[in-house]
Each structure stands twice: as C-alpha cells, then as structure tokens.
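Residue numbers for the sequence shown, in UniProt numbering: 1 to 317.
Data first, discussion second: the structure below is written as structure tokens.
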Amino acid sequence: MPEVVTLGETLAVLVATSPGPLRYSTHFELRTGGAESTFAVGIVRLGHSAGWISRLGDDEFGKLILAMMRGEGVDVSQVKLDSEAPTGVFFKERREAGESRNYYYRQNSAASKMKPEDIDPQYICSAKYLHLTGITPALSPSCLATVERAMDIAKECGVLISFDPNLRLKLWKKERAIPVLLNLIRKADILFPGIEEAQILLGENEPEKIVERFLELGPSIVALKLGSKGALVANAHQEVYVPAFSVERIVDPFGAGDAFAAGLITGLLEGLSLEEAGRIANAMGALALGVTGNIEALPYRDELIAFMSGNPTIISR
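Laid out in structure tokens, this is it:
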C-alpha cells in the first residue's frame with residue numbers, strides 16, 4: 001500500500017502554443033493539471049510510493065489522465081470513472097515573460113461529485129501521510145465533506161495529515177473560504193501556506209508571527225513559502241529560514257508549490273531535520289519553475305541530487 005495518499009481533482013489542460021489572448025489562439029498542447037496528482041508524482045519520482053483518490057469522467061480526457069498517472073507509478077486503484085459527469089478542463093493562455101492566465105471549466109465535473117462514500121478507510125489507514133489541499137473543498141459541498149471524512153479517518157488511524165491551503169478565490173468567495181480553510185488547518189499536522197494566502201487567512205504580515213499563529217491552531221510543522229526568499233520551516237521547538245535556490249529564468253510557476261510539498265514530505269519520510277527537508281522542498285520548487293507544465297517539471301532523484309550538488313549535500317540515493 002502507498003506510503004502517501006492524496007485526494008483531489010486532475011483536469012485536462014489545453015495550453016496555447018503561441019502567446020496572446022486566448023481568443024486568437026488556434027493551436028493547443030494537451031497536458032494534465034492537478035495539485036494533488038502533481039504532488040503524488042513528485043513523491044514517486046523521489047523514490048517513495050503514492051496513491052491518488054479521485055473521480056474522472058469516463059471520457060477520453062479521463063482515460064488519458066488515468067493512464068498517465070498509472071504510467072508515472074502512482075497507485076490509481078481508488079480512482080473512479082464516472083459515466084454521467086465529464087472530466088474537468090482548463091485552458092491556459094500564454095503571455096510573454098512566462099506569464100499565463102487560466103480559464104477553468106470544472107463546474108459539475110466528475111471530481112466535483114466526490115463524496116465521503118468514495119473513500120476506503122483502510123486505504124488511508126495503511127499510509128503514513130494523507131496530503132490534501134484547499135482546492136478540493138472549494139469544488140462542492142460533497143467535496144468538502146469528503147475532505148473532512150478523509151481527515152477524520154486519518155486522525156482515527158494515526159496517519160499524519162499534510163495540508164496546502166491553496167487558496168483559490170476564483171473557486172469561492174473569501175468570506176466562505178477563510179473559515180473553512182482555518183477549520184481544516186486545525187486538523188492538519190503539516191501545513192504548507194504561501195506568504196500571500198497566509199496574510200489573507202490570518203491578517204498577519206510578518207513571517208515569524210504567521211508561523212506562530214498557525215502552530216497555535218494545531219499543526220506541528222509549518223513550512224511557510226516565501227518565494228524568492230525561500231521558506232520558513234518551524235515546529236514548536238525550532239524555527240529555521242531555508243534560503244531559496246537561484247533560478248535564472250522562471251518558465252512556468254505551475255505546480256511549484258506541489259513540488260515543494262512533495263520535497264518536504266519526502267524529507268520527513270526519510271527522517272531528515274526540518275532544515276534538510278526544507279532544502280529538498282526548495283530545490284524541488286526551484287526545478288519546477290524551469291519547465292513548462294506540472295508533472296513534466298518534476299525531477300527524478302538523480303536530477304535533484306545533481307541540482308543540489310553545488311551546495312552542502314543533504315540527501316543520498
């Protein structure tokens with residue numbers, strides 16, 4: 001059974017091949033995109049096992065995503081194909097200098113119809129970590145109930161919960177999102193907030209104060225992502241600033257936060273210190289910035305080691 005289990009929606013992504021407003025785009029590349037499945041692939045590429053729980057439409061996009069995740073080595077035994085709802089889709093509009101705009105078509109998608117009954121408790125109980133994001137509960141009331149059920153199962157079984165708030169104001173209003181996300185954060189053991197969403201959730205600006213407030217809510221580890229400044233990783237006994245790796249050019253930020261989370265959880269799986277796990281997380285995030293796509297950008301273990309080789313060595317094969 002997988003060491004790490006995650007749950008969430010993956011969509012078909014149609015990326016414009018030339019920059020400019022989407023209305024003028026006539027050619028697209030077909031890719032996939034999903035925070036949780038990207039995280040799962042990141043875990044697998046670093047040498048650990050991961051499983052993904054979801055729903056996909058019983059359509060060509062759904063079959064593509066299922067085959068791709070299976071081919072990446074992610075366990076997809078808990079993914080259901082829905083003949084009555086489609087796989088979600090989004091279009092990516094390319095702009096110059098690596099910028100992009102996303103247009104989502106995911107309302108009433110198969111994944112938005114996930115429900116607590118879709119979860120096999122034993123599947124979660126067999127894992128060491130359950131990873132969730134704040135995207136899934138924003139999709140529908142049944143998705144929120146599914147996330148809450150998954151967390152309750154993990155708590156009952158002693159499985160550690162990692163949670164990325166991933167605040168997406170395109171999916172729900174801030175007034176609704178903040179109390180829901182704070183409630184889910186209280187149930188998490190490891191938290192991955194970004195500095196901007198942390199400011200929205202807590203009304204705080206100082207990294208140290210943000211971390212302190214989040215730790216008071218319940219998580220035992222907080223890894224605050226600070227962009228080009230790296231990350232502040234802390235528990236009740238230690239706070240450490242982990243500097244970022246330099247990136248010559250940002251090609252595509254899509255999936256960098258999920259890569260970061262995969263790196264940190266990998267470090268924790270291997271018993272590394274907060275600083276060492278944070279350095280792996282930062283390296284994963286930096287590498288994800290240099291390639292277009294999400295799972296396409298995730299490094300394998302040897303690539304990660306090579307990237308970090310100019311710095312103090314903290315991981316080995």
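Backbone N, C-alpha and C fix where the C-beta goes; we use that ideal spot for every residue, glycine too.
The model shown is predicted, which means the values in this text are computed figures rather than measured ones.
Take Ser126 as the anchor and find which of Leu14, Ala150 and Lys115 has the nearest alpha-carbon.
Ala150
What are the boundary residues of the alpha helix (DSSP H) that includes Ser37?
Ala35 to Arg45
For the beta strand (DSSP E) that contains Glu239, what are its first and last residues?
Glu239 to Val242
Of all the alpha helix (DSSP H) runs that stay within the bounds of the stretch 92-178, which reach a length of 4 or more residues?
121-125, 136-139 and 141-157
Quick check on residue 349: does DSSP put it in helix, strand or coil?
Past the edges of the chain, shown from 1 to 317, lies residue 349, and the structure says nothing about it.
Once DSSP output is grouped into helix, strand and coil, what is the label at Glu303?
helix
Opening and closing residue of the alpha helix (DSSP H) in which Asp82 lies:
Careful: Asp82 lies outside any alpha helix (DSSP H), inside the beta strand (DSSP E) at Val79 to Asp82.
Can you tell me whether DSSP reads Glu3 as helix, strand or coil?
coil
Ile124: buried (16+ other C-beta within 10 angstroms of its C-beta) or exposed?
buried
Report yes or no: do the stretch 132-151 and the stretch 25-36 share at least 3 C-beta pairs separated by less than 8 Å?
yes
Nearest by alpha-carbon distance to Leu130: which of Asp152, Thr87, Asp59 and Glu60 is it?
Asp152
Three-state class that DSSP yields for Glu204 in the structure shown:
coil
Check whether the Cβ atoms of Ala223 and Val247 lie closer than 8 Å to each other.
no
Flag this pair as touching only if the stretch 102-113 and the stretch 4-19 have three or more C-beta atom pairs under 8 Å; answer yes or no.
yes
Around the C-beta of Leu30, are 16 or more other C-beta atoms found within 10 angstroms, so that it is buried, or is it exposed?
exposed
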